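Chains as they are written, first to last, in my numbering: chain H, 3 to 316; chain W, 74 to 509; chain R, 9 to 693. The beta carbon of each residue, even a glycine, is placed where N, CA and C say it ideally should be. Just so we're clear, the structure is a prediction, and the values are computed from it rather than from any experiment. Remarks on the structure that follows.
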Amino acid sequence: MSTASFQEDIARPKQPPQPVAPLPEQLGAARRFFAGLWKRVRDLIEIITASPTAVVGLIMVLFWVFVAVFAPLITTYSPLEQDYKAINQPPSAAHILGTDQLGRDVWSRLAYGARTILTLGPASVLVAFLLGIALGLPSGYYGGAIDETVMRILDALMAFPTILLYMIIISAVGPSHFNVVIAIAIGGAPGIARLVRALTMDIRTREYVAAAKLRGDSDFTIMVREILPNCRGPLIVDFLMRIGYAAFYIGTLGFLGLGLPPPTPDWGGMVQQGHNHMMANVWPVLSATLAIITLVIGLNMFADGVREESMRYQ
Amino acid sequence: MARFIVRRLFTMFLTMFIVSMLVFAIVEIAPGNVARNILGAYATPEQEKSMENQLGLDRPIIIRYISWLLGSDWQVSRRLGMPVKEIVISQGVVERYHQWWAVDENGDLVQWDVEGGKLIKLVRQPDGSVVQVLDDQSWKFDEDGNAYFWGLDTANRAALWMPGQEGTEYRLEYSGWIEAADSPVDYIPMSKGLLRGDAGISLRYKRPVSEVIGRRISNSLILAALAFSVSIPIAIVLGLIAGLNEGKPVDRLISLGGLITAASPDFATGILLIMIFGMWLKILPGATVFLSETAIFKDPRMLILPVLTASLVEIGYVLRITRSSVVEVMNSAYVRTAVLKGLSQRQVVLRHVLRNALMAPITVIMLHVNWFIGGLVVVESVFGFPGLGNFILNAALYKDVYAIEAGAMVLIALAVGTQLIADIIYSLINPRIRYA
Amino acid sequence: MEQTPVLKVDGLAVAYKTRKRDIHAVRDVSFEIYSGENLGLVGESGCGKSTVAYSIVNFLGPNGRIVRGNILFKGEPLHNRSEKELRRLRGADISMVYQEPMSALNPSMRIQDQLAESLITHRGMPRSEAYGKSLQALKDVYMPDAEAVMLRYPHQLSGGQQQRVVIAMALLNNPSLLIMDEPTTALDVTVEAAVLDLIAELKERYQTATLYISHNLGVVARVSDKVGVMYAGEIVELASTRSIYQSPLHPYTMGLMRCLPDVDAPKGTRQLLPIEGRVPSPANLPSGCIFAPRCPHVIAECSAQRPKLIELTTGHHVRCIRAGEWIGKDMVWLDQGVSTEPCPDRDEASPEKTLVVQNARVYYPVPFKTVAGLFGLEKRQYVRAADDISLQVKRGRTLGIVGESGCGKSTLAKAIVGLEPLYDGKIEFLNMDISSPLNKRKLNVIRELQMVFQDPNGTLNPSYCVGDQIAASLRRFHTVPPDQVQGEVEQLLRSVKLDESYYYRLPRQLSGGEKQRVGIARAIASNPAMVICDEPVSALDVSVQAAVLNLLLEIQKTHNTTMILISHDLSSVRFFSDDVAVMYLGRVVEIGPCEAIYMPPNHPYTAALLAAVPRPDPDLEPSRVRLTGRVPSAVNPPSGCRFHTRCPFYMGDICKEQEPPERDFGGGHKIYCHLSQEELEQIKP
């Protein structure tokens, strides 16, 4: 037996304030907007705090966000500064995580590397979402030949093992910040497009879409106003998951030597270079490995916790 | 059912066709063209142009794509007006050379060269030696009366000679640039095409890609098969245990473990395992270096860490899928029916849960094969494993275009083929499709 | 004769644990069922009837538990038994029939194995013998072609067949107690009728004690001996079926009866009296009588304390302190304001036609399943959802379109408003040709032809507040100047009996009935000439249905709106329509003035539909016009008369080969059937 009908009653909203001020509509609108926003934030906090997994994940992620934001304040050396007199040093008071094979401070490189991965990751996912939505929304809405064509191309793109696709793209266009973002966006877009398409195909049969058609709204308006907002739940969860994947792949590309060109501080690259000097000094490779693992696991735990809780919430 | 398989086969071929176009497009049209990749930054525009001409890169993209996929020999044969033939000459045990010859009306194998404006026919004798014959009567003339001749040169290319318009051929040898006068004005490199097993000559190994890649494929397949057969049973058992005990501590433990192993990047897992087992415990070869391509059979201990690394990620993923599928089935109405029928927990699980719960993971596991293969590429790179993934990675780093293309196509064909098999298995075990 | 009841539930209370608090879904429920007796438990959704059922088999899920009370099975307590003992009872002595037969059967197991399993487990029967007995069980529930069904998988059976399998499975071990949880709710009305016949017959044959759960008063009247009416987790009235239906003593029961449209009462002769307000949340129950806030007879004492369930007359238990006052009075219709006030234009002989549909066809292409198909080498196949439909709607009147699911009634509606393209045929609206789909229609045509949808949860966009969704129509159609939009929305909300505070509510904060009202407000925002209502109340609880139907009727009266009401429920169609078209498999089989449709002569299909309507009157002898077989596919509909495969009056080749002729009974009443006029007049539903 469902208790849904009971819960409807529990969450009765407060009555909106009666407009009295000189510009009642705007004022009311602004207040409602912030009230709505605050409610959303509160819902989100409720979802997150209900899941221990999400909380632990968030703490791990926030640690690296903190390190990235305050990198200049919490490091003493530049991440690029080489000191040939002190290469492959173990941790000491001067270098808390030691130095690498070029005498660069490992902690500094780690901190600035966090900046790299935490900006490129979300940026590439954002681009992937723009691409995915642009492809998936019309494909799911119109169906037919448009859908068939888009799907065949996406199928072909999804037949690529992701790493392979990245390798081919990066080898063709060369490693750079921009190209890494583009490669990861191209790799992620087909999955997002499929998700958006599936959601759209479901939502387009809803009666409120028919109602919008019955007031003569254009297809574009219907897609953007009626369908897209109602995809947001699954899309937000997917977005969180994909930031984890993006970090995963940025690290992997760096490790394979296809990431950011040196000397950019990049965790994957640090692991690769440290790997070759592992016998001499284990600290650079160990700390970079643990950094990427904690960040990616943190992102995944956070996304996973949010996903499970939001499923339960609905 | 048969209809379903035919349909799937058709879409698979369609997909592979589009994939081939994508691979070709990304590798060859992308900015930073092939010739420059080979020549480096210091070539003159003339040198670059000559190189493009020799590699056939100045031809229209569609023609290049068709030649790459289906070969150029039949196109050349039409130009020459006689059949062409590829022969393989073995020297010693491993050294093999591929040579393209035209077959003239006498059944002799012939090539051509132009020296001092004279066309010379090179006729191959049965003992392998070559006899030069003056062949000046073979020049053809266009409507303006200009002489021209399409023939095969000695470097496995179809070449167009036009007396009086000879170009300068720049060739990059180990010693540096070589300028050759009297050279042809246009070239078509000979190949049988990817679909006929000829993926072109590797720019790095200077040997046909198809010869270099074979051993790599089988090495990778061994690694994949080992990792797969280790990870799937473990993952399914763990997933079942977790799913049947939803919410209990054992479920939490397994789920968290699954999340951690699935989320950790393969290279990080691999490095950590090397540190633990190779550096600190010293029980397994750590910095695994496979000196030769057949080394994996000599010391099986070397395989343990690569297999373990590739398995861990897969275990995490598959166990999570299995778990959620089991949880879903356990909460389904028909399991409720089974319980309220008076069946014991064991009977419910064995008869009603297992089959339905394992149906979803089978598809997901197989769809996931892309991810798994991507993981193998990384694992091979971590351990220096002489597999296909490492081959493609090195090709990508070296910009060995034909090797990238061939490797990518093989890898994707393997992935798509696996998915097809998965689809067929799924349709066999799912009565809804079998009796649709 | 004193005998032990098969099931005795005494003071049962069940609570579900949620994150915030315990929800007491069921409180103080007591009843007894004796051998051979069928107890019906009726109530609206969320009243706790299913919870009662699942607490008997101790299957409340991880968060539910029995807080108080006893459940005695043959005199022995049921709960606190070991898993093993419970297992021995479940499926053998106590078995269950479920609401959704499709999901209740294992999708990857053959029917014979699912049936035999029960026998093998409980009786240790050898497999071959179990198969034989299972086959017999299928034959006992009149499964057509039982041998073939044994080898099939659930998805290969129709809904009615699946439910027969579930019933056969429940009866395999001759249980002493059978629990049926809304067994016919998911089925079409004609299939439901056949399954109800079966249930009634099985009761006679096996003398099984049955707990029958339903939301439908008519269904319960058909099968039950005793009825318990549940409201918000409590039984408010418990009596023999006859006394409940003839002299209900609890105001809630009376309310339920009053708000039901009567299939035997024409339009305008009865007004539906909805129960005001909504069911209280179990987390926030009123202190006294739980029905007091909605009760029309409430007095001060009602809220003082929770009334007890007392036996007022022999066997008639009521939970109401005033019930004694009403014994012997005809309370059901007590305050029925009979509304015979006709709609405007009612007497006009032939009002102008707002809508004329001529030979309309709506075909959906079937997606190609073969490779050849992808290349266009195969002939395109079509689902003929609506095939050659002609009808007219007069201004200010309502045309009801009835038929079972899949008959094409909704498709036709969508084609009229332009949501589906016409394959062929013509639609004229206000003397304009509107045969083109929506994106080719002019805005001022679109605004005149609006629609009310079926699914309350899908009709409103969950992302926007109620007011904005109504305002969107007003802005788009420029119904009022922009600065008056807000006021107009509030006006519209009031006209659908919602106050303006609803403006800023999100759809998820509304109940189903409220969402439908908003949907109606949105449809009438542009003041359209015609509104098409596609099953506007079928997803709502009965007490809410009445209010929505009343509202639609009121709108029609005030605005003289022309309407089409699409429904599978013949009662609400009769309540609301002036003319009725009966559809079967894409065709109209009978059309005419409402009164003519509900009286003989009838098309055999109409007769079967009318016969299938469960009437809330236990004394009515059930009719025997029943349909067999399943609805054929609309891709390859049967030749000749489409109904011939299921028609009880099938006459052989003529039906199979020739299109049925039109039989005109005057006054616009037409029947499409090969039977002669005289024969048609003989058919009694």
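Where S141/H falls: helix, strand or coil (DSSP): helix
Mind reading off the beta-carbon distance from A21/R to R89/R? Whole number of angstroms is fine, and I expect it under 8 Å. With 8 Å as the limit, A21/R and R89/R do not qualify as a contact, their Cβ atoms being about 19 Å apart.
Can you list, in chain order, the residues of its chain with a C-beta nearer than 6 Å to that of M462/W? Leave out the 5 residues immediately preceding and following it. Per the sequence presented here, residue 462/W reads as Gly, with Met not at that position. Cβ neighbours of G462/W beyond the five flanking positions: L449, V450, E453.
Just the C-alpha distance for L95/W and L156/H, rounded to the nearest angstrom, thanks. 11 Å
Assign T321/R to one of three DSSP states: helix, strand, or coil. strand
Any C-beta of chain W under 7 Å from that of R95/R: yes
E242/W and S256/W closer than 7 Å at C-beta: yes
So, using beta-carbon positions, are P286/H and D102/H closer together than 7 Å? yes
Under 7 Å between C-beta atoms of T382/W and L346/W: yes
Quick check: is the beta carbon of R81/W nearer than 7 Å to any beta carbon in chain H? no
Restricting to Cα atoms, I'd like to know which of L688/R, C541/R, D189/R, A554/R is closest to P608/R. L688/R
By the criterion of Cβ-Cβ separation under 9 Å, what are the contact partners of T395/W in chain R? Going along chain R, no residue has its Cβ under 9 Å from T395/W, so there is no contact; the nearest lies around 16 Å.
Can you find a CB in chain W that lies within less than 7 Å of the CB of N610/R? no
Interface residues of chain H around Q458/R at Cβ under 8 Å? L216
Please determine whether the Cβ atom of R80/W lies at a distance below 6 Å from any heavy atom of the ligand GTP. This structure lacks the ligand GTP; in fact it carries no ligand of any kind.
Within 9 Å of chain W by C-beta, residues of the region 149-178 of chain H in sequence order: R154, I155, D157, A158, L159, M160, A161, F162, P163, T164, I165, L166, L167, Y168, M169, I170, I171, I172, S173, A174, V175, G176
Out of I224/H, A136/H, L167/H, which one is the CA nearest neighbour of N447/R? I224/H
I'd like the span of the beta strand (DSSP E) that includes T362/R, first residue to last. 361-373
Limits of the unbroken alpha helix (DSSP H) element including V157/W: That residue, V157/W, is in no alpha helix (DSSP H); its beta strand (DSSP E) goes 157-164.
Span of the beta strand (DSSP E) around A231/W: 230-234
State the DSSP-derived secondary structure class of S222/R, mapped to helix, strand or coil. strand
Would the beta-carbon of I744/R fall within 7 Å of that of I102/R? Since the first residue of chain R shown is 9 and the last is 693, residue 744/R is not available in this structure.
Exposed or buried, which one is Q690/R when buried takes at least 16 other CB atoms within 10 Å? exposed
Is R98/R close to chain W, meaning its C-beta is less than 7 Å from at least one C-beta of that chain? yes
With 7 Å as the limit, tell me which residues of the region 297-312 of chain H have their beta carbon closer than that to any beta carbon of chain W; keep them in chain order. V298, I299, N302, M303, D306
Rounding to the nearest angstrom, what Cα-Cα distance links I409/R and V211/H in this structure? 24 Å
With a CB to CB cut of under 6 Å and the five nearest residues on each side skipped, what residues in its chain are close to Y79/H? D107, S110
Among D146/W, W173/W, M403/W, which residue has its Cα nearest to the Cα of G320/W? M403/W
So, is the C-beta of G316/W closer than 7 Å to a C-beta in chain R? no
Just to check my reading of the structure: I494/W and A433/W have Cβ atoms closer than 8 Å, yes? What is that Cβ distance to the nearest angstrom? Wrong, their Cβ atoms sit about 17 Å apart, outside the cutoff.
Contact set between S454/W and chain H, taken where Cβ atoms lie within less than 8 Å: F257, L258
Do we get a CB-CB distance below 7 Å when we pair A31/W with the residues of chain R? Chain W is shown from 74 up to 509; residue 31/W falls before or after that span and cannot be answered.
Could you run through the region 412-425 of chain W and flag, in chain order, every residue whose CB is less than 9 Å away from some CB of chain R? V412, L413, K414, G415, L416, S417, Q418, Q420, R424, H425
If you run the structure through DSSP and keep just helix, strand and coil, what is L258/H? helix
Output yes if chain R places a C-beta closer than 7 Å to the C-beta of T410/W; else output no. yes
Along chain W, which residues have their Cβ under 7 Å away from the Cβ of T291/H? A341, I344, L345
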